[in-house]
Amino acid sequence: IKNRLPQKRNFIQQYGKIIFEILSGDSTQTEIAKKNGFSLSVIRYWIKKYNIPTTNFKKIDKEYLDLKPLCRCGCGEYVKIPRGRWNKYLLGHYIRVHPRSYTKKERDKSAERMKINNPMKDPDIVRKVHSKINHKVVGKKMAETNRKKGYYIKTSERMKINNPMKNEKIAKNHSNYMKKKWREEEHIKKMIKAFKLKPNKAEKVLINSIKNHNLHYKYVGDFSFWIDGKNPDFINHNGEKKVIEIFGDFWHTSPKKIGKKTVEEHCEERINHFKRNGFSTLIIWEKELENPVKVIEKIRRFDAHDS
16 IKNRLPQKRN FIQQYGKIIF EILSGDSTQT EIAKKNGFSL SVIRYWIKKY NIPTTNFKKI
76 DKEYLDLKPL CRCGCGEYVK IPRGRWNKYL LGHYIRVHPR SYTKKERDKS AERMKINNPM
136 KDPDIVRKVH SKINHKVVGK KMAETNRKKG YYIKTSERMK INNPMKNEKI AKNHSNYMKK
196 KWREEEHIKK MIKAFKLKPN KAEKVLINSI KNHNLHYKYV GDFSFWIDGK NPDFINHNGE
256 KKVIEIFGDF WHTSPKKIGK KTVEEHCEER INHFKRNGFS TLIIWEKELE NPVKVIEKIR
316 RFDAHDS
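When we follow the numbering used here, the leftmost residue of the sequence shown carries the number 16, and every step to the right adds one.
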């Protein structure tokens, strides 16, 4: 006992008998508490505080051991004998036979109690807490720590291994399948409802300039009009087969977006696709919209040339 409790000699001198009774396991904790005039909570407090090893088992006759009691939930497993009495169910198996069902009033009361006890449920407190946090600084620090620990490298390597689209055959089959899908009217309608696309900044600039100069073009870049699986940005609504495409400086020049093709090949592929379906195409780059007067002149030349 001195080896187990080297710094608690005074406690051992005063309550050595009680410690021996707990270690021997001859009687339960409740019996020890009654004998020595203590409450059960005091005995349990000593056991936790001084790390007294205890079995919590009472001496049992062979007749009881031969019974081998089964769990009453019907799982077929034997129950243990904790604290000197037979436990009728294994841990967690009681709920199988006697499930606890809560009424709506009880659930509402517990929800209200959680709101009262949890300060973060109060919107005023949440605002005060978030106002003191500098989210930009916190985000930068988190990003720096993640870089130092190499999380980004690990995730990128894992994505390369686990990504099936890295396989050329799978990627080609998927692209061919999606091209066929985008030619189906039902699929297009579903995607229009799902995306709910709105014009971007460049498209808004061109929409306003077209309205101001009364040009015969309508915005259809929200998937409202398709030409053999391709969605143009603007279409002529005066009966002429003409479309206008706005190309972003990043999205239509980055090799990650257009693949191994050059920018010229990417533009020609788009023009030829619409040409096969009888439409002439005008491409306007995002940088050109900085000078809207030149853009309007370009559209008018496009109309006059093909008309």
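For glycine and all other residues, C-beta sits at the position ideal for the given N, C-alpha and C.
Let me make sure I understand the geometry here. Which of 92, 193 and 36 has the alpha-carbon closest to that of residue 244? Here the closest residue by C-alpha is 193.
Using 8 Å as the threshold, is the C-beta distance between residue 292 and residue 242 below it? A contact, by the Cβ cut-off of 8 Å.
If you reduce the DSSP assignment to three classes, tell me which class residue 85 lands in. Three-state result, residue 85: strand.
Could you check the C-alpha separation between residue 250 and residue 202 for me, to the nearest Å? Whole-angstrom Cα-Cα distance: 21 Å.
If we ignore side chains and look at the alpha-carbon of each, how far apart do residue 318 and residue 161 end up? Looking at the two C-alpha atoms, the distance is approximately 54 Å.
Can you tell me where the beta strand (DSSP E) with residue 232 in it begins and where it stops? 232-234 is the span of the beta strand (DSSP E), which, as asked, contains residue 232.
So, residue 212 versus residue 238, is the Cβ gap smaller than 8 Å? The answer is yes: Cβ separation under 8 Å.
Keeping to the same chain, check which residues put their C-beta closer than 8 Å to that of residue 129; ignore five residues upstream and five downstream. Residues 136 of the same chain have their beta carbon placed closer than 8 Å to that of residue 129, with the five preceding and five following residues left out of the count.
For residue 300, does the three-state DSSP call read helix, strand or coil? Look at residue 300 here: in three-state DSSP terms it is strand.
Going by DSSP, what residue range makes up the alpha helix (DSSP H) through residue 227? It spans 216-227 - the alpha helix (DSSP H) in which residue 227 sits, taken as one unbroken run.
Tell me the DSSP bridge mates of residue 251? 232.
Span of the alpha helix (DSSP H) holding residue 283? Looking at the DSSP string, the run of the alpha helix (DSSP H) that includes residue 283 is 278-291.
Residue(s) in a DSSP beta bridge with residue 192: None, per the DSSP bridge assignment.
Can you tell me where the alpha helix (DSSP H) holding residue 257 begins and where it ends? Segment 257-262 is the beta strand (DSSP E) holding residue 257; no alpha helix (DSSP H) there.
Proximal residues to residue 207 (C-beta, below 8 Å), its chain only, five neighbours per side dropped: Contacts found: 237, 238 and 239.
Any 3 or more C-beta pairs closer than 8 Å across the segment 224-234 and the segment 278-287: With a cut-off of 8 Å, the segment 278-287 and the segment 224-234 do not count as touching, because too few Cβ pairs lie within range.
Burial state of residue 36 (16 or more Cβ within 10 Å): Around the beta carbon of residue 36, 16 or more other beta carbons sit within 10 angstroms, so the residue counts as buried.
Helix, strand or coil for residue 93 per DSSP? Judged by DSSP in its simplified three-state form, residue 93 adopts strand.
Spatial distance of residue 97 from residue 106 (CA atoms): Confidence in residue 97 is poor, its pLDDT being 48 and thus under 50, which makes the residue's placement too unreliable to answer from.
In three-state DSSP terms, what is residue 213? Residue 213: coil per DSSP, three-state reduction.
Which residues DSSP lists as bridging residue 314, in chain order: Per DSSP, residue 314 has no beta bridge partner at all.
Through-space distance from residue 304 to residue 259, alpha-carbon basis: Each residue's alpha carbon lies about 13 Å from the other.
Secondary structure of residue 148, DSSP reduced to three states: If DSSP states are grouped into helix, strand and coil, residue 148 belongs with coil.
When you compare only the Cα positions, how much space is there between residue 138 and residue 155? The alpha-carbon separation between residue 138 and residue 155 amounts to approximately 26 Å.
Helix, strand or coil at residue 207 according to DSSP, with G and I counted as helix: Look at residue 207 here: in three-state DSSP terms it is helix.
Which residues share a DSSP beta bridge with residue 242? Answer is 245.
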